[in-house]
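Chains as they are written, first to last, in the numbering used here: chain A, 4 to 194; chain B, 4 to 194. The beta-carbon is built from N, C-alpha and C at its ideal position, and this holds for glycine as well.
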DNA sequence: CGTCTATTTGAATGTACTCAAAAGCGGTGG
DNA sequence: CCACCGCTTTTGAGTACATTCAAATAGACG
């Protein structure tokens, strides 16, 4: 299989395109290889792209006024990642995107996405539905943060994302759960 | 102006439709009048509709295992409200939608939305963008909950939603901020 | 083995919580 | 007009949980 075909078969599963369409869409993607520790996007920079993860693990985080890091999202194989708030509005990032396990990505610009949307309404539908799922998982996380104590949130995390847990450090999980590393350590001791 | 025209001019501002299109879209909406205390949707029920608010104020809330209420969203004039997680997936609600100030709504079913989407891709784009904004505000709230102490979250709330604050009780705000009424009272005393 | 990073442990502190009770506010009916 | 009732907010005292800061262990890797 030709390398360019790989993008579409992975990203737009179950969709059928002509050769011309395939060529058009593939021309909008660019491959990137990252090493652990690499930063794809720094807070403050203009956000022009979103990233599809072929393999590896990344996270987005936010640094608050007191200097503390807060992990917003982890992302692994077959997930999309960006600072979406800034991406949608074409503004400067408040999040930093960092590679935490060697990764292989495809990036695509917002402009290219918009071109694809107008050329292929099916893809807009596909992304609207993805967005709806993200919306649902964000809402679930808000409820979880409001309603559950740290220990249960930790248990939820490791059961909901069993594939992510082994790829990330405990202090990443702590910053995702909104607690300190020390508190997470104490929670883990109780289990 | 004929009453039916009102729906479209309010909801789909800046979009132009023919008479037939207007008739088609308007036929999908149904008007509802609610009084303070009325419940539009109960947790556990199938979620088939979303609601556009012409006037009044509603909220969605979640009741956790210990019986505590957690307000997920407030909504006023010109906002949409539903249990979107359940609405998108056509599942049973985990949220309850309650009217907290006499309200006038238009409701529309998911099926009707899908029909409108396929007939008018512009409307799908419009809703995708709305979804993107909701996504952004949810993310903002997650960051805010993780990064800021209760006092700042309260100040953020009253400055971000000055039109909502006078319509809701303090205990609603507390349950939105994730703190108790007593804590909110103490925070307010300090200001 | 030594160094760097990550995790754990301890002790003191602080913030928000629970439970219980008092005060404030708004509307209704006598 | 005022007394009463229900609902909302406030106050107080004791408690629980997570935090901070500092230091000790445990792992990973050259």
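DSSP on residue 126 of chain B, reduced to helix/strand/coil?
Within the second chain, the letter at position 123 stands for residue 126 of chain B. In the structure shown, residue 126 of chain B sits in a helix (DSSP, three-state: H, G or I).
Any C-beta of chain A sitting closer than 9 Å to the C-beta of residue 43 of chain B?
Residue mapping note: residue 43 of chain B aligns to position 40 of the second chain, counting from 1. Judged by the 9 Å Cβ criterion, residue 43 of chain B is not in contact with chain A.
For the beta strand (DSSP E) containing residue 73 of chain A, list its first residue and its last residue.
On the first chain, position 70 is the one that residue 73 of chain A refers to. Per DSSP, residue 73 of chain A belongs to the beta strand (DSSP E) from 72 to 79.
Under 6 Å Cβ to Cβ from residue 43 of chain A, same chain only, skipping five residues before and after it: list those, please.
Reading the first chain from its first residue, position 40 is the one you call residue 43 of chain A. Only 100 meet the Cβ criterion.
May I ask you to check if the CB of residue 167 of chain A is nearer than 8 Å to at least one heavy atom of the ligand HEM?
No copy of the ligand HEM appears in this structure; indeed no ligand is present at all.
Rank B:169, B:16, B:86 by C-alpha distance to the C-alpha of residue 95 of chain B and give the top, closest one.
In the second chain, counting from the first residue as 1, residue 95 of chain B sits at position 92. When only C-alpha atoms are compared, the closest one is B:86.
Rounding to the nearest angstrom, what Cα-Cα distance links residue 175 of chain A and residue 75 of chain A in this structure?
What you label residue 175 of chain A is simply residue 172 of the first chain in a count that begins at 1. What you label residue 75 of chain A is simply residue 72 of the first chain in a count that begins at 1. Their Cα atoms are separated by approximately 10 Å.
Going by beta-carbon coordinates alone, are residue 102 of chain A and residue 38 of chain A separated by less than 9 Å?
On the first chain, residue 102 of chain A is found 99 positions in, with the first residue counted as 1. On the first chain, residue 38 of chain A is found 35 positions in, with the first residue counted as 1. For residue 102 of chain A and residue 38 of chain A, yes; Cβs fall inside 9 Å.
Using a Cβ-Cβ distance cut-off of 9 Å, determine whether residue 184 of chain B contacts chain A.
Indexing the second chain from 1 puts residue 184 of chain B at position 181. No, no contact with chain A.
Where the alpha helix (DSSP H) through residue 161 of chain A begins and ends
Walking along the first chain from the start, residue 161 of chain A turns up at place 158. Here the alpha helix (DSSP H) through residue 161 of chain A covers 153 to 163.
Which runs of the beta strand (DSSP E) fall wholly inside the segment 36 to 65 of chain B and span at least 3 residues, in chain order?
42 to 44
Boundaries (first-last residue) of the alpha helix (DSSP H) holding residue 30 of chain A
Position 27 of the first chain, counting from 1, holds the residue named residue 30 of chain A. Segment: none, residue 30 of chain A is in no alpha helix (DSSP H) and carries neither H nor E.
Start-to-end residues for the beta strand (DSSP E) that takes in residue 101 of chain B:
In the second chain, residue 101 of chain B corresponds to position 98, counting from 1. Unbroken beta strand (DSSP E) run through residue 101 of chain B: 99 to 112.
Ignore the nearest five residues each way along the sequence and tell me which others in residue 157 of chain A's own chain have a CB closer than 8 Å to its CB.
Taking the first residue of the first chain as position 1, residue 157 of chain A is located at position 154. Cβ neighbours of residue 157 of chain A beyond the five flanking positions: 176, 180, 187, 190, 191.
Based on the DSSP output, what are the partners of residue 83 of chain B in its beta bridges?
Position 80 of the second chain holds residue 83 of chain B. Answer by DSSP bridge pairing, in chain order: B:55.
If you draw a straight line from the C-alpha of residue 17 of chain A to the C-alpha of residue 23 of chain B, how long is it?
Here residue 17 of chain A refers to the residue found at position 14 when the first chain is read from its first residue. Here residue 23 of chain B refers to the residue found at position 20 when the second chain is read from its first residue. So the alpha carbons of these two residues sit roughly 34 Å apart.
Can you pull out the residues from the segment 138 to 164 of chain A whose beta carbon lies closer than 9 Å to at least one beta carbon of chain B?
Cβ contacts with chain B come from 138, 139, 140, 141, 142, 143, 144, 145, 146, 148, 149, 150, 151.
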